[in-house]
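As structure tokens, the structure follows; a few thoughts come after it.
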Amino acid sequence: MDNNNDKEIKEPKVGAPIGNTNSSKEKRIWGNIIRKLAIQEDYKRLHAMAEKLYEKAAEGDLGAIKEVGDRLDGKAVATTELTGLDGSDLPISIGLRFVEPDTKPD
6 MDNNNDKEIK
16 EPKVGAPIGN
26 TNSSKEKRIW
36 GNIIRKLAIQ
46 EDYKRLHAMA
56 EKLYEKAAEG
66 DLGAIKEVGD
76 RLDGKAVATT
86 ELTGLDGSDL
96 PISIGLRFVE
106 PDTKPD
């Protein structure tokens with residue numbers, strides 16, 4: 006008796022619950038302060054920081070190189086592929102079957 010079709014398989018929920026505003030753009034205080042300072046100074050210090058980062062990257066600083074790369078190309082997306090021991094796909098469902106025993110206990 007196979008009851009796999011009785012219920013729909015639900016996808017797992019990803020991300021914050023609907024209505025969660027813990028990290029909304031309005032609540033990002035640090036970023037807001039940096040933006041205000043940058044605008045007030047006509048972006049002069051921000052430009053100077055970008056120049057320093059670019060110089061360090063040109064000098065071979067791996068952290069600076071990574072940062073420049075992330076800013077230009079975007080951060081690399083990590084992917085994980087799961088397979089069985091023989092490289093085959095993993096099962097995506099589990100079947101449950103009830104079997105009546107051949108003999109009954111005394």
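Those letters in the sequence shown? Residues 6 to 111, per the working numbering, in order.
No residue lacks a Cβ here, since even glycine has one placed at the ideal position from N, Cα and C.
Straight through space, the alpha carbons of L58 and V73 are spaced by roughly 8 Å.
Counted as a single uninterrupted DSSP element, the alpha helix (DSSP H) harbouring Y59 occupies residues K49 to A63. Collapsing the DSSP output to three states places E31 in a helix.
Non-local beta-carbon contacts of A43 in its own chain, meaning distances under 7 Å to residues more than five positions away in sequence, involve L51 in chain order.
Counted as a single uninterrupted DSSP element, the alpha helix (DSSP H) harbouring I70 occupies residues L67 to D78. Looking at the backbone, the Cα of G20 and that of A81 are separated by about 20 Å. By the criterion of a C-beta distance shorter than 7 Å, E60 is surrounded by no residue of its chain, once the five residues flanking it on both sides are discounted.
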